[in-house]
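J.: Have a look at the structure that comes next, please.
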Amino acid sequence: MRGRTDLLLAATLVSASACGLTSGSPMVDDVRPGSIGKGLPLEGADLTVTSKEFTEQLILGAIMGIAFEAAGADVLDRTGIQGSIGAREAVKSGDADGMYEYTGTAWITYLGNSDPVTDPREQWQAVRDADLENGLTWLAPASLNNTYALATNQANHRKYGTRTLSDVAALVRKNPGAVTLCVESEFANRADGLPGMQKAYGMNVPAGNITQMDTGIIYTQAAKGSCAYGEVFTTDGRIRSMNLAVMRDDEKFFPNYNAAPEINTKSLKKWPAIADVLGPITKKLDNAVAQELNAKVDVDGEDPHQVALDWLTEEGFVKEG
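Residue numbering for the sequence shown follows my numbering, beginning at 46 and increasing consecutively.
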């Protein structure tokens, strides 16, 4: 998963870094400037884009690459690198020029901090400042924040009236049997997962009411009402497709995992127009957009690259033909 499961994958540095860095294929989309890339400011550039291997990352990697193409660059596609660290290492070493990365992942996993920064903008600034010495430049972030949440189906939403995690905690105190949780094993044991959430909110869910299961099953079980609340990721397309209600993290416990372009500093100095090309696109990316695009892949079975191209075209960022 997104930012959080990235932590589990830190041990795969060697194998992940070696995976996909010597392969790749040229992007050959027939695109031209729309609202971005006018004047072909990247004409003559040979740029490589990368990403991790899960759906959202594949879409974001394609969005970056297609935007570069429309601005005149020749683009090599090295998206879909297995593991978390491999894609970052590719950008850091110069094997790739850019990717969309998550602020919380960088701050906690790569930069070794244990405490997240509560304010999302300040979290991005802290990552940006720290990563400059690593040869990486973070451009302005999206509001897209792929973090943890609890969600419930509409029937339980109406029944219990919970809208925030504080509401869920109050429900536990009032009626402990009403709150059953479906969670991943990682979330169940992480300090920034269930234990920390329960401590922060005073949410003492009985152990017998907590069931651990795989991510995909959680969504279906929550939708069916087999568990009252399921652990979800806030940009997952299944939230929308299954009409789940997400509980707001009103105490701001969970780390911020805002997506932002992470660019090799040398590449950015050579091609500063990269920032202008990506800026308007990144600004448009929020959780609703991410849920819609992710659902097209995970629910409807569409190709991530085509989903990215269709969205860029529909938004007027690029034109085809």
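Where is the CB? At the ideal position from N, CA and C, for every residue including glycine.
Ignore the nearest five residues each way along the sequence and tell me which others in K297's own chain have a CB closer than 8 Å to its CB.
T.: For K297, where only same-chain residues beyond five positions count, the Cβ hits under 8 Å are T163.
J.: Compute the Euclidean distance between the alpha carbons of I104 and G110, then round it to the nearest angstrom.
T.: Approximately 10 Å, taken between the alpha carbons.
J.: CB-CB under 7 Å to A151, same chain, minus the five flanking residues each way: which ones, in chain order?
T.: Closer than 7 Å at Cβ, skipping near neighbours: V172, D176.
J.: Of the choices G238, P325, N332, G253, whose alpha-carbon is the least far from that of F299?
T.: Looking at the Cα atoms, G238 is the closest of the given residues.
J.: Is A196 near Y246, with beta carbons less than 8 Å apart?
T.: Contact: no.
J.: Could you tell me which uninterrupted alpha helix (DSSP H) segments, each at least 4 residues in length, are contained entirely in the stretch 143-225, listed from first to last along the chain?
T.: Taking only runs of at least 4 residues, the alpha helix (DSSP H) segments lying wholly in the stretch 143-225 are 165-176, 199-205, 210-219.
J.: Would you give the residue range spanned by the alpha helix (DSSP H) that E134 belongs to?
T.: Residues 130-138.
J.: V334 lies in the beta strand (DSSP E); which residues open and close that run?
T.: Here V334 belongs to no beta strand (DSSP E); instead the alpha helix (DSSP H) covers 332-343.
J.: Look up D355 in the DSSP assignment and say whether it is helix, strand or coil.
T.: In this structure, D355 counts as helix in the three-state DSSP scheme.
J.: In whole angstroms, what separates the C-alpha of G128 from that of Y155?
T.: Looking at the two C-alpha atoms, the distance is approximately 13 Å.
J.: Measure the CB-CB distance between C272 and T225 and report whether it falls below 8 Å.
T.: Contact: yes.
J.: D321: which of A335, I263, P306 sits nearest, CA to CA?
T.: Here the closest residue by C-alpha is P306.
J.: Helix, strand or coil for K364? Go by DSSP, reduced to three states.
T.: K364: strand per DSSP, three-state reduction.
J.: The ligand HEM and T280: does any heavy atom of the ligand fall closer than 7 Å to the residue's C-beta?
T.: For the structure depicted, the ligand HEM is absent and the ligand set is empty, with no information on it obtainable.
J.: Which residue spans inside the stretch 213-288 form an unbroken beta strand (DSSP E) run of at least 3?
T.: Counting whole runs of 3 or more residues, the stretch 213-288 contains the beta strand (DSSP E) stretches 226-228, 255-257, 274-278.
J.: Could you name the residues that DSSP lists as bridge partners for L103?
T.: According to DSSP, L103 bridges with nothing at all.
J.: Where do the ends of the beta strand (DSSP E) carrying G125 lie?
T.: It spans 119-126 - the beta strand (DSSP E) in which G125 sits, taken as one unbroken run.
J.: Cβ of T100 within 8 Å of Cβ of G149?
T.: For T100 and G149, no; Cβs fall outside 8 Å.
J.: Classify E114 as helix, strand or coil using the three-state DSSP reduction.
T.: Correct three-state label for E114: helix.
J.: What is the C-beta distance between A107 and P349, in whole angstroms, given that I count them as a contact (C-beta under 8 Å)?
T.: That pair is a contact at about 6 Å.
J.: Using only the alpha-carbon positions, how far apart do G69 and V277 sit?
T.: Distance between the alpha carbons of G69 and V277: 32 Å.
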